[in-house]
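Chemist: Sharing a structure with you now.
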Amino acid sequence: MKRAILVDDEVFARKGLLGLIPWAKLGFEVVGEAEDGEDAYALIETVRPDVVVTDIRMPALDGLELIRKVRESGNDKTKFIIISGYGDFKYAQQAVRYDVSDYLLKPIDENELAAALLKIAGASEPGRAEAEYRFIQASVFDRLLTGRPDEGYLSEASRILSLPLNTSLRCVTVEINDAAFDSKEAQVTEGLERVKQALMEEGAAYSNGNAQCLLAKSLTELHFLLFDELDAGEIRRFGERLILAAGPHIDGVLRVYAGAIVPTLERARESYASASALTSYKYAFDRSVLVHEELAGQCVAYKELEAGLLTELLERLEERDEAGMAKTTDRMFDAFREQRYSPESVQASISRCIHGVSGIIQNMQGDESAVISLPRLLRTRREPRTLNGIKGLFLEFLRESAVYISGLRSAMTKGDIGKVKQYIDSHFGENINLKSISKRFYLNPVYLGQLFKKTYGVYFNEYLLQIRIAEAKRQLRQTDHKVYEIAASVGFGNSDYFVCQFEKVEGRTPTEYKNAILAKA
């Protein structure tokens with residue numbers, strides 16, 4: 004297993020990196036952390052790690068100076084991954100001079116970091132020229148799309164990447180949905196490279212060399228700049244050809260988002276923003292290619308899941324009615340499409356369902372972490388998924404949860420009646436009865452009554468009355484509480500009824516019982 008150390012002056016950033024990706028699964032062990040460049044250098048000299056993941060800006064000795072110092076010491080074996088907030092090719096150029104393996108821009112994408120580590124773990128290192136091109140294009144293109152580059156920066160970027168400054172263009176985003184990240188990180192990374200190559204070839208062929216695939220921001224997101232003024236129909240056909248060309252190279256479903264046409268490179272960020280905005284329509288319109296001109300002005304719904312559907316789904320779950328669960332889920336996802344739910348609203352609806360299922364499991368003293376499919380479903384919040392992809396994971400979660408809940412119920416009925424008794428002993432002062440207890444523990448009330456009598460030799464209601472009266476007697480002996488106060492504290496809402504039940508058990512009223520105690524004092 005390869006050794007790694009993390010360097011960042013913020014402890015939460017380091018802990019975030021620790022939990023961001025499955026290090027061991029990728030073949031790495033994090034053997035140390037450092038909060039500045041000087042501590043990191045000392046640690047590197049001692050540990051000799053295979054890879055160092057470091058921030059650029061740190062006190063005492065920054066990330067680039069750290070790498071320079073390590074290289075000048077003669078250590079050319081330790082690989083470096085830089086994490087930076089700088090969207091500037093000058094930093095990338097400097098990083099290349101120090102033979103940095105990867106240069107990742109904040110915020111860090113877990114799949115992007117995993118891909119960088121996998122390259123170090125098993126793939127052959129790319130040549131220096133290729134690395135320099137990758138670093139520079141990533142930093143320059145990221146700033147073009149997300150920042151506000153000045154005139155000088157634009158000219159330099161245009162020169163370095165051979166991009167025209169004053170030609171109409173649009174940003175085209177290719178999104179990989181439903182990719183299998185669980186056990187195929189290396190295959191996904193290799194597939195992404197094949198997808199990039201296919202996209203570049205198809206883009207160049209279709210647009211006479213006017214399409215450039217300049218950036219893969221993560222394992223699931225690639226961006227074109229298309230220097231052409233194709234109309235909506237033409238750009239849709241272009242997107243469909245991209246999908247046909249690249250689709251066979253990746254285990255996933257491709258979606259294409261074509262942003263608005265802008266007149267100059269300076270306004271590329273506007274086209275990128277409009278392409279990103281199209282992802283809001285991915286569930287509302289069942290299309291592989293979404294074009295800005297066709298959807299501008301369309302609305303999506305920001306709404307909650309219908310309460311009746313949630314109630315029905317949870318009932319089918321508790322009954323372990325797989326056909327019923329599937330039918331209700333179909334209705335849910337049909338509503339997402341027909342009512343044009345936004346991705347945020349779809350995720351909020353899924354979260355409500357997860358919360359409801361978790362509540363049932365917790366009420367039965369179970370542990371929702373035992374449902375293995377839950378983490379995969381939760382990851383759909385940050386991994387691109389088609390609606391059908393989410394639906395498949397959601398149904399898997401429901402089926403597994405139904406089996407788990409059924410097992411909890413079986414354990415209860417076969418030997419966990421003690422939990423019912425413990426609950427009664429702890430909550431007899433509340434308004435509880437056989438019906439409410441059976442509902443809480445998901446048991447038939449008649450069966451629970453029979454099981455309780457068989458186990459403890461006394462009927463449920465009789466036992467409840469016994470412990471209530473026993474506590475009432477204790478308070479009568481040891482406190483000066485009023486009869487009505489004692490009645491309320493042991494679960495009787497009506498003090499007259501309490502007196503009646505007390506007399507039924509003890510043969511005298513609470514007052515008579517207390518007076519008898521006082522008479523002996």
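Counting from 4, one number per residue, gives the positions in the sequence shown under our numbering.
Where a beta carbon is used, it is the ideal one built from N, C-alpha and C, also for glycine.
#1: Which residue's Cα is closest to the Cα of Y407: E371, K442, H430?
#2: I'd like to know whether the C-beta atoms of L317 and I363 end up nearer to each other than 8 Å.
#3: Please go through the same chain and pick out, in chain order, the residues whose beta-carbon is closer than 6 Å to the beta-carbon of A529, but skip the five residues on each side of it.
#4: Could you compute how far the alpha carbon of L446 sits from the alpha carbon of R412?
#5: What residue range does the alpha helix (DSSP H) around L320 cover?
#6: Tell me the start and end of each unbroken alpha helix (DSSP H) in the region 254-342 that is at least 4 residues and wholly inside, in chain order.
#7: Exposed or buried, which one is K187 when buried takes at least 16 other CB atoms within 10 Å?
#8: Could you tell me whether the Cβ atoms of K72 and F31 are closer together than 8 Å?
#9: What is the DSSP secondary structure of Y462, counted as helix, strand or coil?
#10: Please check the pair L245 and V177, which I expect to be a contact at CB under 8 Å, by giving their CB distance rounded to whole angstroms.
#11: Kindly indicate which residue of L298, G255, T170, D254 has the alpha-carbon position closest to the one of A235.
#12: Is DSSP giving E347 helix, strand or coil here?
#13: State yes or no: is the C-beta of F505 within less than 8 Å of the C-beta of I470?
#14: Determine, using beta-carbon pairs with one atom in the region 334-352 and one in the region 318-326, whether at least three such pairs fall under 8 Å.
#15: What residue range does the beta strand (DSSP E) around A490 cover?
#16: Expressed to the nearest angstrom, what Euclidean distance is found between the alpha-carbon atoms of V33 and R290?
#17: The alpha helix (DSSP H) spanning H430 covers which residue range?
#18: State buried or exposed for A475, treating a residue as buried only when at least 16 other CB atoms are found within 10 Å of its CB.
#19: Extract the residue ranges of the beta strand (DSSP E) inside the region 26-60, only unbroken runs of 3 or more that lie entirely within it.
#20: Does the separation of the CB atoms of L3 and L107 fall below 8 Å?
#21: Is A43 closer than 8 Å to L69 when the C-beta atoms are compared?
#22: Return helix, strand or coil for A522, following the three-state DSSP convention.
Modeler: Put simply:
#1: Here residue 407 refers to the residue found at position 404 when the sequence shown is read from its first residue. For the residues E371, K442, H430, the minimum Cα distance to Y407 belongs to E371.
#2: As a first step, residue 317 must be located in the sequence shown, where it is residue number 314. As a first step, residue 363 must be located in the sequence shown, where it is residue number 360. Contact flag set, yes.
#3: Examination of residue 529 is not possible in this model, given that the chain is present from 4 through 524 alone.
#4: Against the sequence shown, residue 446 aligns to sequence position 443. Against the sequence shown, residue 412 aligns to sequence position 409. If I take the Cα positions, the gap works out to 8 Å.
#5: The sequence position of residue 320 within the sequence shown is 317, counting from 1. Its alpha helix (DSSP H) spans residues 310-321.
#6: 271-280, 295-298, 310-321, 325-341
#7: Counted from its first residue, the sequence shown places residue 187 at position 184. The predicted position of K187 is uncertain, since its pLDDT is 49 and thus under 50; a value taken from the coordinates is nonetheless stated next. So K187 counts as exposed.
#8: Walking along the sequence shown from the start, residue 72 turns up at place 69. Walking along the sequence shown from the start, residue 31 turns up at place 28. Against a cut-off of 8 Å, the Cβ pair of F31 and K72 comes out as no contact.
#9: For the purposes of this step, residue 462 is taken as the residue at position 459 of the sequence shown. Three-state result, Y462: coil.
#10: Counted from its first residue, the sequence shown places residue 245 at position 242. Counted from its first residue, the sequence shown places residue 177 at position 174. At roughly 6 Å, the Cβ-Cβ gap stays under 8 Å, so L245 and V177 are in contact.
#11: Translated into the one-based positions of the sequence shown, residue 235 becomes position 232. When each option's Cα is compared against that of A235, the closest is L298.
#12: Within the sequence shown, residue 347 is the residue found at index 344, counting from 1. If DSSP states are grouped into helix, strand and coil, E347 belongs with the helices.
#13: The residue labelled residue 505 in the question sits at position 502 within the sequence shown. The residue labelled residue 470 in the question sits at position 467 within the sequence shown. Not closer than 8 Å, so no.
#14: no
#15: Locating residue 490 in the sequence shown gives position 487, counting from the first residue. Counting along the chain, A490 falls outside any beta strand (DSSP E), though it belongs to the alpha helix (DSSP H) covering 486-492.
#16: The residue labelled residue 33 in the question sits at position 30 within the sequence shown. The residue labelled residue 290 in the question sits at position 287 within the sequence shown. Using only the alpha carbons, I get a separation of about 43 Å.
#17: The sequence position of residue 430 within the sequence shown is 427, counting from 1. 420-430 is the extent of the alpha helix (DSSP H) around H430.
#18: Counting from one through the sequence shown, the residue named residue 475 turns up at place 472. A475 is buried by the Cβ-count criterion.
#19: 31-37, 54-58
#20: Not covered by the structure: residue 3. The range shown for the chain is 4 to 524.
#21: Here residue 69 corresponds to residue number 66 of the sequence shown, with the count starting at 1. Here residue 43 corresponds to residue number 40 of the sequence shown, with the count starting at 1. Closer than 8 Å, so yes.
#22: Working through the sequence shown from its first residue, we reach residue 522 at position 519. Reduced to three states, the DSSP call for A522 is helix.
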